[in-house]
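> I'd like to ask you about the structure that follows.
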Amino acid sequence: MRRLSRYNPKLISFMSHTLIPHANIASKTKANTSSSQDKKILLLLSSFWFRGETFAGVSITASRPNGKYHYIEGSVSTHQPQVGGGQLSGSVISVESGIPNSTFGVIRIGWMQFDHKSAKGCFNTYCPGFVQVNRKIPLDMVIDQISVPNGKYDFIKLELRQLHPGESWWFIYWDGDNEEHIGYWPNVLFNNLKDGAEVVRWGGWVSSTTANLPMMGSGLLGVHGGQVRRISATNDFTARLNGATKNREKYVYEQSKCYRAGPNRYRHPYWGDSVWYGGNAGDVKHCPP
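Start counting the sequence shown at 1; every next residue gets the next number (UniProt numbering).
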């Protein structure tokens, strides 16, 4: 097991929706008070927000109402970006639908590194909504494999999936070759998202309550930065993606002045399409979301 730094990345799932207001979540749930700095799975809901949020990666938008996505997967490289108090840095795959501040809903899963002592809000099973059905892969599981820039990269394979039209979104984690259904978000939590995702994303995610944003991924760019491989999404409930997608022409690479993203030149039949992302921090004022 590699030596872990003071702040370590954690595998997370995060949801925000409009049916449970931010204030109600914060008042009806208690904050996770764990002081552990290990890399763990966390479940973060909408009472856990930082200002200055920035994403860099790739996205696909559904071209028609009946083309919404019901299944997204990606293999996310693990890193230990340096973070300070009030800072967050991670890598996610996400589904979202609706109009911001109205009918908007989003689910993000991936890993995240942050300073526990300065974090505010709820996560894991301290938050309402998520129904955990599988204890084999516990929320708070320590992950000990970290990618090495210019060396060996380690990945975690994740899925968000609706098994049937209008039903719940499932969080699926791959433990080697074993598909583990960790739990689900009931469709009653959502407005538009219960009918599928209008936008799906893969990449890096940072935010901060301070004047500076942290590094993203490894802090490097190109193939030595953070990576998401096996980028896949479909509107077919019965499909098994396995890294295949027919939406390559719809890819949009999202980036800012401080964080960059682009297509990874790495090609392999197993890994399919992939994106790199990264950046070495910057002033919040110069890094608009």
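Heads up, the beta-carbon is just placed ideally off N, CA and C, and yes, glycines get one too.
Note the first and the last residue of the continuous beta strand (DSSP E) segment covering Val188.
That residue, Val188, is in no beta strand (DSSP E); it is neither H nor E in DSSP.
> From the DSSP output, which residues share a beta bridge with Pro263?
Bridge partners of Pro263: Val275.
> Once DSSP output is grouped into helix, strand and coil, what is the label at Asn134?
In this structure, Asn134 counts as coil in the three-state DSSP scheme.
> Secondary structure at Gly196, three-state DSSP: helix, strand or coil?
Gly196 falls in the coil class under three-state DSSP.
> Ala56 bridges to which residues according to DSSP?
Looking at the DSSP assignment, Ala56 forms a beta bridge with Gly204.
> Specify the secondary structure class of Lys68 as computed by DSSP and reduced to three states.
Coil at Lys68, not helix or strand.
> From the DSSP output, in three-state form, read off Lys157 for me.
Strand at Lys157.
> Between the Cα of Phe237 and those of Arg161, Gly105, Phe130 and Val58, spot the shortest distance and give me the residue it belongs to.
With distances taken between Cα atoms, Phe237 lies closest to Arg161.
> If I'm right that Trp174 touches Lys152 with Cβ under 8 Å, what's the distance once you round it to whole angstroms?
With a Cβ gap of about 19 Å, Trp174 and Lys152 do not count as contacting.
> Work out the CA separation of Gly217 and Glu254 for me, nearest whole Å.
Going from the Cα of Glu254 to the Cα of Gly217 covers about 15 Å.
> Which complete beta strand (DSSP E) runs does the region 68–102 hold, if anything under 3 residues is left out?
Correct list: 71–77 and 87–97.
> Between Gly183 and Val106, is the Cβ-Cβ spacing less than 8 Å?
No, the pair does not count as a contact, with Cβ atoms beyond the cut-off.
> So the beta strand (DSSP E) Thr234 belongs to, where does it begin and stop?
First-last of the beta strand (DSSP E) with Thr234: Gly226 to Thr234.
> State the start and end residues of the unbroken beta strand (DSSP E) segment that holds Leu213.
It spans Asn212 to Met216 - the beta strand (DSSP E) in which Leu213 sits, taken as one unbroken run.
> Please report the distance separating the alpha-carbon of Ile109 from that of Gly74.
Their Cα atoms are separated by approximately 10 Å.
> Taking the straight line between their C-alpha atoms, what separation do you get for Thr210 and Pro138?
Taking the straight line from one Cα to the other gives about 32 Å.
> Helix, strand or coil: how does DSSP classify His286 here?
Correct three-state label for His286: helix.
> Based on Cα-Cα distance, which residue from Gly282, Arg230 and Asn235 lies nearest to Val275?
The option with the nearest alpha carbon to Val275 is Arg230.
> I need the straight-line Cα distance from Asp154 to Gln145, nearest angstrom please.
Straight-line Cα distance between these residues: approximately 6 Å.
> Got a sec, what are the start and stop residues for the beta strand (DSSP E) Ile146 sits in?
From DSSP, Ile146 is part of no beta strand (DSSP E); its letter is neither H nor E.
> Going by the CB atoms, is the gap between Ser89 and Val223 shorter than 8 Å?
Contact: no.
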